[in-house]
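Heads up: the sequence shown runs through residues 0 to 345, numbered per numbering that gives the first Met the number 0.
Backbone N, C-alpha and C define an ideal beta-carbon position, used for all residues, glycine too.
Notes for the one structure printed next.
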Amino acid sequence: MSGNQNYINHVALVLDASSSMSHLSRKVVEVADQQIAYLARRSRELDQETRVTVYVFADKVECVIYDKDVLRMPSLKQLYRVGGMTALLAAALKSQRELAQTAQLYGDHSFLTFVLTDGQENASHRCPDALTRDPRELVEAVAEMIEAQEDNWTLAVLVPDQMGKREAMQCGFPKDNIAVWDATSTQGLAEAGQVIQLATEKFMVGRTQGIRGSRAVFSTGAEAVNKDTIKAAGLTPVNPSEYQLIPVARNAAIRDWVIESGHTYRTGGAFYQLSKSEKIQAQKQIAVLEKKTDRVYTGPEARALLGLPDVEVRVKPDHNDDFTIFVQSTSVNRKLIPNTRILLMH
């Protein structure tokens, strides 16, 4: 790619507007507007052009904003109205089919779509946008479309439960591009918004490193953290004389265990192993450990590697055979889990 080509991101939100979303409709607008404001800010900071498309779907699929400059986006207040069934597959097909007609001239274009739904598919076979009335053909059509997408296309979906996740996998959505959200509360929707923001951040930072698309937007596992992504993010190993790894043998508070193990506790100097889903604040540092060699990588690039934005977000550890994620502890009584390790920076 020649140096003067722009990065142009085409980000689409495909939002469920079926009747069951009515208790969340105000929050949907708020979360979408926040996401757009965030995209606008990051586009300026990273000097990337971002164009936003919004689809809403119920019995039929409607494009309410098409490929509009993120810096000139209106609020979705007037555009998001609920009522009807859930034509989820038709929405996936129509959004991707129409976006594929976008010109990709003069620039490094990349497409990122988030589909948000609170229920199962139940209306696409009656929806003209689906092009078929056979439910099985519909599933195949979506799977074939995803399979055929170029490497600069990323399609992700947020579903309400494990059954939704299974259905999304049957439709060919990559496993790590499916997230489960709690559709019963506005709190759940706010957290879904954070998940989208996290994935977007990872995507936009990845763009600056030449990554064009992802099949693991919601993952902290091996697809997201591996030798190649660490190299691409510009991470360099910490000098081994600057840290120690201390095994945790029982339930204990972090300061007590560090002192009991014969070391001095300095606030901010100890990192715990990320072993369950939890919130990570904006100021917390991240370290990544290579299991085979006990090599440690840290610095601002480590946060970027996981796509952590500069706000608090919830992160879950995904299975990774080769790397472990450590999070800086800023409290003295962080509970440690046996059979994990502490990373102590000198």
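In the pairwise beta carbon analysis, the segment 332-344 is classified as touching the segment 233-247: at least three pairs are separated by under 8 Å. With 16 or more other Cβ atoms from the protein chains shown falling within 10 Å of its own Cβ, S42 counts as buried.
Note that the segment 102-109 does not touch the segment 120-140; fewer than 3 beta-carbon pairs, one per stretch, sit closer than 8 Å.
A90 sits close to V114, with the two beta carbons spaced by under 8 Å. In the three-state scheme derived from DSSP, where H, G and I count as helix and E and B as strand, R25 is classed as helix. Note that the C-beta distance between S276 and G212 is not below 8 Å. As the crow flies, the alpha-carbon of I7 is around 26 Å from that of E143. Rounded to whole angstroms, I145 and P239 show a C-alpha spacing of 44 Å. Note on geometry: alpha-carbon atoms of L111 and T263 lie some 46 Å from one another. In the three-state scheme derived from DSSP, where H, G and I count as helix and E and B as strand, M72 is classed as coil. Excluding the 5 residues flanking it on each side, A223 has same chain C-beta neighbours closer than 6 Å at A215, in chain order. One thing to note: L234 has its Cβ within 8 Å of the Cβ of L304. In the pairwise beta carbon analysis, the segment 149-168 is classified as not touching the segment 68-78: fewer than three pairs are separated by under 8 Å. With respect to the 8 Å criterion, P308 and E200 are classified as neighbours on the basis of their beta carbons. Y271 is the residue among E241, Y271 and G261 whose C-alpha sits nearest the C-alpha of I253. Going by beta carbons, S123 and L88 fall inside the 8 Å limit.
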